[in-house]
Structures are given as structure tokens and as C-alpha cells.
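S.K.: Sequence order for the protein chains is A and B. The numbering of the first sequence is my numbering, which starts it at -5 and goes up by one. The numbering of the second sequence is my numbering, which starts it at -5 and goes up by one. Quick reminder that beta carbons are idealized off the backbone N, C-alpha and C, glycines included. Only a predicted model underlies this, so the values are computations on that prediction, with no experimental measurement involved.
2 protein chains.
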Amino acid sequence: MPHLFTAARARPDPVKRIADPTVRRLSLYLRFLEEFEGAGRTTISSGELAQSGHTTPAQVRKDLSSFGSFGKRGLGYGTHDLVAHIRQILGLDRTWRLVVVGAGRMGSAIAQFPGFRDRGFHVVGIFDLDPRRIGQTLAGVTIADVCHLEADVQRLRADIAVLALPPAAAQSIATRLAQAGVHALLDFSTAPLTVPAGVTVRRMDLAMELEVLSFALTNR
Amino acid sequence: MPHLFTAARARPDPVKRIADPTVRRLSLYLRFLEEFEGAGRTTISSGELAQSGHTTPAQVRKDLSSFGSFGKRGLGYGTHDLVAHIRQILGLDRTWRLVVVGAGRMGSAIAQFPGFRDRGFHVVGIFDLDPRRIGQTLAGVTIADVCHLEADVQRLRADIAVLALPPAAAQSIATRLAQAGVHALLDFSTAPLTVPAGVTVRRMDLAMELEVLSFALTNR
DNA sequence: ACGAGTTTGTGAAATCCTTCACAATCTAGG
DNA sequence: CCTAGATTGTGAAGGATTTCACAAACTCGT
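#1: State buried or exposed for Ser21 of chain B, treating a residue as buried only when at least 16 other CB atoms are found within 10 Å of its CB.
#2: Going along chain A, which residues have a C-beta under 9 Å from Pro51 of chain B?
#3: Nearest to Tyr23 of chain B by alpha carbon, out of A:Ala174, A:Met202, A:Val189?
#4: Taking the alpha helix (DSSP H) that Ala162 of chain A belongs to, which residues open and close that run?
#5: I'd like to know if Leu211 of chain A contacts chain B, where contact means its C-beta is closer than 7 Å to some C-beta of that chain.
#6: When you compare the CB of His(-3) of chain A with every CB in chain B, is at least one pair closer than 7 Å?
#7: Leaving aside the five residues before and after Val229 of chain B along the sequence, list all residues of the same chain whose C-beta is less than 7 Å from its C-beta, in chain order.
#8: Quick check: Ser86 of chain B and Ser208 of chain A, are their CB atoms within less than 7 Å of each other?
#9: Considering Cα atoms alone, identify which of A:Val176, A:Leu200, A:Ala185, A:Arg197 is closest to Ala191 of chain A.
#10: When burial is assigned at 16 or more other CB atoms within 10 Å of the CB, is Ala155 of chain A buried or exposed?
#11: Can you list the residues of chain A that Ala201 of chain B reaches, using a CB-CB cut of under 9 Å?
#12: To the nearest angstrom, report how far apart Ile38 of chain B and Leu159 of chain A are at their CA atoms.
#13: Would you identify the three-state DSSP class for His116 of chain B, choosing helix, strand or coil?
#14: Would you mind sorting Gly68 of chain A into buried or exposed? The rule is 16 or more other CB atoms within 10 Å of its CB.
#15: Provide the residue span of the beta strand (DSSP E) that contains Arg217 of chain B, from first to last.
#16: By DSSP, does Thr136 of chain B sit in helix, in strand, or in coil?
#17: Using Cβ-Cβ distances below 8 Å, what residues of the segment 132 to 160 of chain A are close to chain B?
#18: Could you tell me whether the Cβ of Val206 of chain B comes closer than 7 Å to any Cβ of chain A?
#19: For the alpha helix (DSSP H) that Arg18 of chain A lies in, which residues bound it at each end?
#20: For Thr37 of chain A, name the three-state secondary structure that DSSP assigns.
#21: Go through its chain and collect everything with a Cβ distance to Gln173 of chain A's Cβ below 7 Å, but skip five positions before and after it.
#22: Kindly indicate if chain A contains any beta-carbon less than 7 Å away from that of Thr89 of chain B.
#23: Using a Cβ-Cβ cut-off of 7 Å, state whether Pro15 of chain A counts as contacting chain B.
#24: Which ranges would you report for the alpha helix (DSSP H) in the segment 43 to 72 of chain A if only whole runs of at least 4 residues count?
#25: Which value, in whole angstroms, describes the spacing of the CA atoms of Arg126 of chain A and Gln130 of chain B?
#26: Which of the three DSSP states is assigned to Ala2 of chain A in this structure?
#27: Just to make sure I have the definition right: I need the residues of chain A whose C-beta is within less than 7 Å of the C-beta of Gly85 of chain B. Which are they?
#28: The alpha helix (DSSP H) spanning Val195 of chain A covers which residue range?
#29: Would you mind reading off the limits of the alpha helix (DSSP H) that contains Ile104 of chain B?
#30: Under 7 Å between C-beta atoms, does His48 of chain B make it to chain A?
#31: For Ile154 of chain A, which residues does DSSP report across the bridge?
#32: Tell me which same chain residues have a C-beta within less than 8 Å of the C-beta of Leu84 of chain A, skipping the five on either side of it?
#33: Any idea what DSSP makes of Thr131 of chain B, helix, strand or coil?
#34: Can a CB atom of chain B be found closer than 7 Å to the CB of Leu58 of chain A?
#35: Establish whether the CB of Thr73 of chain B and some CB of chain A are separated by less than 7 Å.
#36: For the candidate residues A:Ser102, A:Thr89, A:Ile120, whose alpha-carbon lies nearest to that of Arg113 of chain A?
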């Protein structure tokens, strides 16, 4: 039962169910559009966007048309307009407060990832278990003890948590975060998490991707 | 019913096209199976596997049946057998030689990722541009100058390359790697790569995943 | 050895996603 | 204003993946 959501309620949004691949592509389009905008282009066609994103013009138009009609026939899309629209669709017209749980090598790298802040994702908390790490500062944030996770996460008003932990610890932390009101998790550990309804999890599974590559190389 | 799958090695085999999601799930199943095997279980049913992997029993059986019939009706699958079969299907019955290009924070974390070696992925080379990093040692490998990338990659007989680079550099490195005979890339940069036919690329796009989470939170 | 109870393997149906094809609408240029 | 050329928006078709449903085949207890 891979059902993640049920229905919209907070926003008066009659937009039908949006496919995950569509959202991913929007994120891509946005990046190209910002590049195009930076280069001074004022309009762009679905064909040009498609080329940048390794897809087809029809796909681009379909993706956008699920949310409204932003283009001008005969002309294309206004870069500036479309950037604004996609940012709004993706919820990027605000900032999001991030916590990173696990300050090992991977957690540290993530917390200091350049371009987070620029794109509106602010790391407001970092947690670890190891007393030697607690108290150190990363990217301007002091590493806190994971034992106060719930209280801290609420105090910090965190929206999203990034988990960079050993698989054994991930599930328990995920449950605690969900309990504390964090509704979005980005999981770098290798075990899929079980979370309450209403919490979205995305996995970044290094080992799995390598195994997919192994398969591709083997059956080339 | 009579599915013979022994010919997958020598020749371009007649096994029908395998969907990407199927391969991903196989990788997942494998992990659970190894856990079950470690716990001493000798058989497992599609239902149990499905629960572990957040999918359905029918899905599990369909996935496996694309490659042969490994189970016993009324009993389930032999854990040990199935582990062996999936490892063979995914090409994990051998080791793969990895290079990491980019030894910044992310590249270093990846190169030292625990569990690579255990799963048969050996980091045999690390490259960077920065003279201050070249010559340092990470995970037992000395960081080399990226300017000899092609020759080194061939000397090291690298199968897979992990790219942990600024987006501006990624495309040129990808092209050089493809030229040098690396047919599988795992890309952590934010721009999708264009590569020659026969080269497989998988993307790990942190920013994109965060934006998908932003969308999910916004349209909850 | 038998019947009750499981569980697989797999066509067929359903669902999800992408591509096609074309009318509608715009710009540009005279 | 009118025509040629370009591009969007979208219903319908097509393809891909997941789910359903059930016969076949096995185990186990008696």
C-alpha cells in the first residue's frame, strides 16, 4: 500500500493529484529557468526546456498544464513569470527550516552543503549522540545532544529533517521526529522507514544506486 | 513457467526489459533477505518481504518472476537461495572498482562511506583539482590530480565513478570518464549530465529531493 | 496417504504516466 | 488588417507498471 497522502485540506486547491515524476521535473525546470533568466532570456519554449531536461516538449507542457496555463501561444513562457509560478507551486516562495540528525562525515557534509541557504533551506539545528561532537559548530550551528531532540525541534520550528545515521538508529529517530511534528524526512540511511500517515519520506540510498549501476553494467 | 536464466552472462540475453523500479526493489529485498538470513530464518514468504519493503506480495512475486521461479509453493523462498539469486541478478557476485571524483566534504564522506567495501564496491581512486588535497590519503587511497584522470582510470580499471563536484565541472569530467571507458556514473551534482550511449548515469540530487519535500509539505 | 491450509507464478484488469496530434491562439511583418 | 509561422493546451491513444485473482503445487498434521 504505497499510499502517502489522502487529500488536500488546508489550501483551497482543486488541483488534481500530481505525479511524483512531475514534481521532480518541475524542480529541474526551475533550475534551467533560473539559468536562462540569469542569461537575460525573457521567454523560453517548451522545446528548449525539454532539451535542457532530457525530456519532450509535450511532457513539459503537460507538467505545467496541471497547474494552470502560464504560456503564450506562439511565444512560449515568460522566464520570469514561470520561475515565480514554479517556485510557488513547489512551495519555494518561503524558507524552510531544516535540522540534520547525525553529524558524522555524511551529516557534516550535508549540513555544509553549499546552495541550501541560497535556495531557501536554512539549517537551524544539528544533532548527534557523540559527546565529542556535541558543542562543536558546523555552518554556524552548534551541534546539540540528540537526547533533547523533540523539545529542540519544536523550539526551532523545524519543517524538514535530514537523517544521516546508521540504519539501526534511523527508525527510532524518525518516529521521534514525527511525534515532534516534523512532517518531512530526507533519509540517507539504508533502511526504509515506517512513519505515521501525513509524514513524507524521501530516500537517498547510496548503496541502492550503486547496485542499480551494477545491474546496468552486468546486463549491458 | 520454464524460465531459464543461465544465459545472462555470455551473450546479450533474451530476458525482457526490466523496469527500473523492479531493480530498485530487488536491491531492497536483498538487504532484508540478508537480515533474515543473519537471523537464522531459512525461508521467507512474499508477504513478509513485502512488509519489509513497503510493497505488496504480488509485487514481490512479479519482480522475482521476471528472472525465474525461485520459490516453493506453500512454503515461500529459501533465504539463502534467494540471496544468491538476487546477488547474481544484480551483478553483485563480483567486486566493482569505484573512483570518486571530487574530494570536498561530500566526496570525502562518500569515499569513506562504511559498507561500500563490505558490499563489494572498492574505492580504488580519488581525484581532486586542489593541490592542497592532492597527496592526502582517504580510506587508504591517495588523492590524485584530476589532470591524469583518463590514464589513471584506465590503469585502475575503474568500473564506476562517483561525481561529487560543482555542477560547472561535472559535465566535462563525465565526458572524460566516458571517453576513458567508465560506463556507470553516480552524480551528486545538481545538473543532469549528457553522456554517450552505453553509459548509465544515476543522479543523487539533494536540492531536488528537498524541493519535492517542500511541495509535499505545501500541498498537504 | 489424504485433506486442510499455504504460498507461488502468472495471465488479465486496472491504474499510472508519457506521447501524439491538432485546434486554438499568439507574434511578426508587410 | 491579413497571412505565414510558431507555440501552447489538452483530449485521446499508447505504453508501462502495479494490482487482482486464481489455478497449481507444495507442506504438515493426522
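M.R.: Taking the structure as given:
#1: buried
#2: Ordered by position in chain A, no residue passes the 9 Å Cβ test against Pro51 of chain B, which lies about 11 Å from the chain.
#3: A:Met202
#4: 161 to 173
#5: yes
#6: With a pLDDT of only 34 at His(-3) of chain A, under 50, the local geometry of the prediction cannot be trusted, and the value read off the model is given with reservation. Interface annotation, His(-3) of chain A: not in contact with chain B, CB-CB separation never under 7 Å.
#7: Lying outside -5 to 214, the shown extent of chain B, residue 229 of chain B is not represented and no answer is given.
#8: Correcting the residue identity first, residue 86 of chain B is Leu in this sequence and not Ser. Yes, they are a contact pair.
#9: A:Val176
#10: buried
#11: Contact note: Ala201 of chain B reaches chain A through Ser21, Arg25, Phe107, Gly109, Phe110, Arg113, Phe115, using a C-beta cutoff of 9 Å and chain order.
#12: 28 Å
#13: strand
#14: exposed
#15: Any question about residue 217 of chain B goes unanswered here, given that chain B covers just -5 to 214.
#16: strand
#17: Asp153, Ile154
#18: yes
#19: That run of the alpha helix (DSSP H) goes 14 to 32.
#20: Look at Thr37 of chain A here: in three-state DSSP terms it is strand.
#21: Glu144
#22: So, not an interface residue.
#23: No, Pro15 of chain A does not count as interfacial toward chain B.
#24: 51 to 59
#25: Approximately 24 Å between the Cα atoms of the pair.
#26: For Ala2 of chain A, the predicted model reports a pLDDT of 32, less than 50, meaning its position is unreliable and no value from the coordinates is stated.
#27: Going along chain A in sequence order, the residues near Gly85 of chain B (Cβ under 7 Å) are Ser208, Phe209, Leu211, Thr212.
#28: Counting along the chain, Val195 of chain A falls outside any alpha helix (DSSP H), though it belongs to the beta strand (DSSP E) covering 194 to 197.
#29: 99 to 105
#30: yes
#31: A:Leu92, A:Ala178
#32: Val17, Leu20, Ser21, Leu24
#33: strand
#34: no
#35: At least 7 Å separates the CB of Thr73 of chain B from every CB of chain A.
#36: Out of A:Ser102, A:Thr89, A:Ile120, A:Thr89 has the C-alpha closest to the C-alpha of Arg113 of chain A.
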